[in-house]
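Per my numbering, the sequence shown starts with residue 1, numbered consecutively.
See structure below.
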Amino acid sequence: ASPKETGILSEGNARWSNWRLLDYTYLTLIQFMTLDAWIDVLRDVMETYPLAWIPFIISVILVNFVIMSLGIAIVCEAVFETATGPCEREESTLSRVEKDVKELEVLMMTMVNWASIS
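Set out below in structure tokens:
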């Protein structure tokens, strides 16, 4: 059966199917992610499936929590990069390299001592 004969188009008398084609589905998901008139889509779906609000609300909350967290993390990282000048970053990198070199020296001495014992 075609999408027009089953599901939301026939049972819910929806004017528009946001889920019929893959490109419509992606656009609808982006609409949820940006919170752009997502409630209109929810109302159309709820005409056919009254409990559809449950997964819709859960997905909107989770997706927007992740997007907001990523946005805040990007802003904080940019502020941190601006606050710590290039000198401090180079010094921390240099100190890490020096520490790694010392660890390698210890490891090499251990290997030499072990080889001389056997």
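Ideal Cβ positions, reconstructed from N, Cα and C, are used throughout, including at glycine.
Whether residue i touches residue j by CB criterion (8 Å)
i: V41; j: N18; result: yes
i: V45; j: A37; result: no
Alpha carbon of residue i to alpha carbon of residue j, nearest angstrom
i: K99; j: M111; result: 19 Å
i: R43; j: R20; result: 17 Å
i: A115; j: V79; result: 51 Å
i: K102; j: N113; result: 17 Å
i: M108; j: S92; result: 24 Å
i: I74; j: M68; result: 10 Å
i: T25; j: P55; result: 16 Å
i: L104; j: L22; result: 54 Å
i: L70; j: T84; result: 21 Å
i: A1; j: L27; result: The predicted position of A1 is uncertain, since its pLDDT is 46 and thus under 50; a value taken from the coordinates is nonetheless stated next. Their backbone Cα atoms lie some 24 Å apart in a straight line.
i: V106; j: I117; result: 17 Å
i: V133; j: E77; result: The first residue shown for the chain is 1 and the last is 118, placing residue 133 beyond what the model contains.
i: L94; j: V66; result: 35 Å
i: I72; j: T48; result: 38 Å
i: T82; j: I39; result: 39 Å
Sufficient close CB pairs (3 or more, under 8 Å) joining the stretch 32-48 to the stretch 57-73 = yes
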